[in-house]
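Enquirer:
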Amino acid sequence: MITLRNKILKKEVSEMPKESFPGRIFVVYTEPEARKAVEYLNTHSIVGVDTETRPSFKRGMMHKVALLQIATHDTCFLFRLNRLGLPDFLEEFLQNSVLKVGLSLRDDFAMLRKRNQGDPRDGNWIELQDYVPRFGIEEKSLQKIYALLFAKKISKAQRLSNWEAEVLTEAQQLYAATDAWACVEIYNYLEELRSHGNYRVEKVEEE
582 MITLRNKILK
592 KEVSEMPKES
602 FPGRIFVVYT
612 EPEARKAVEY
622 LNTHSIVGVD
632 TETRPSFKRG
642 MMHKVALLQI
652 ATHDTCFLFR
662 LNRLGLPDFL
672 EEFLQNSVLK
682 VGLSLRDDFA
692 MLRKRNQGDP
702 RDGNWIELQD
712 YVPRFGIEEK
722 SLQKIYALLF
732 AKKISKAQRL
742 SNWEAEVLTE
752 AQQLYAATDA
762 WACVEIYNYL
772 EELRSHGNYR
782 VEKVEEE
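The sequence shown begins at 582 in my numbering and counts up one residue at a time.
(1) Count the other C-beta atoms from every protein chain shown that fall within 10 angstroms of the C-beta of R605, then say buried if there are 16 or more, exposed otherwise.
(2) Where does T624 sit, in a helix, a strand or coil, going by DSSP?
(3) Which same chain residues end up closer than 6 Å to K790 when comparing Cβ atoms and leaving out the 5 residues on each side of it in sequence?
(4) Where does the unbroken beta strand (DSSP E) through E708 begin, and where does it stop?
(5) Count the other CB atoms, across all protein chains shown, that sit within 10 Å of the CB of R661; report buried if there are 16 or more and exposed otherwise.
(6) If you drop the 5 nearest sequence neighbours on each side, which residues of the same chain put their C-beta closer than 7 Å to that of K725?
(7) What did DSSP end up calling V682 once you bin it into helix, strand or coil?
(8) I need the DSSP call for Y712, collapsed to helix, strand or coil.
(9) Which residue wins for smallest C-alpha separation from D711, given the options N623, F731, L686, T750?
(10) Are the CB atoms of G717 and L622 within a distance shorter than 8 Å?
(11) Excluding the five sequence neighbours on either side, which residues of its own chain have a C-beta within less than 8 Å of the C-beta of N779, listed in chain order?
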């Protein structure tokens, strides 16, 4: 019997070993590269999706989404939208039948709509913040949900870095890939639990 807790303390997460994406990362700059990536992604039934936007430290100034991360269980493509834009075939992928899992998708969709007119929500999407409560989990952040399930910490150190930089650092690439991949891992793990039902929920009282 597997025990799922509804909540986890921030201090507990901070003491956990770090998790990072273990697979292949491809940075996509051009349309031909993007087409090949989409062809590959279309051979999968489920992917994780996330975006990154250059932070703005001036009130009222917002940048367009710079990076779109799409990951399978072992491969992640980092689409540099600040160079590539959002080509029709990539937008079509976001709206097709491949299951796409993400967290805080409303924010991602809003940022993507600033680049193109289409609404990605027309596709096949799972919002983890709506999905995990079915298992008694009350946390909303990717970091805490992942920590609850896998007892490992996803670092957020690169979140406010420059996602429009000429070259993304290895740390940025790994951070971006880990976030998208973690969505797939969470969904697959919980779906497996749901299929056999061999789990219980333990209520943790907040301090």
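No residue lacks a Cβ here, since even glycine has one placed at the ideal position from N, Cα and C.
Here the structure is a predicted model, which means the values were calculated and not measured.
Expert: Quick look at the numbers:
(1) R605 counts as exposed, since fewer than 16 other C-beta atoms from the protein chains shown sit within 10 angstroms of its C-beta.
(2) coil
(3) Lying before the first or after the last residue shown, residue 790 is absent from the chain, which here runs from 582 to 788.
(4) 706–708
(5) buried
(6) I589, V594
(7) strand
(8) helix
(9) Considering only alpha carbons, the answer is L686.
(10) Cβ distance not < 8 Å, so L622 and G717 don't count as in contact.
(11) M582, I583
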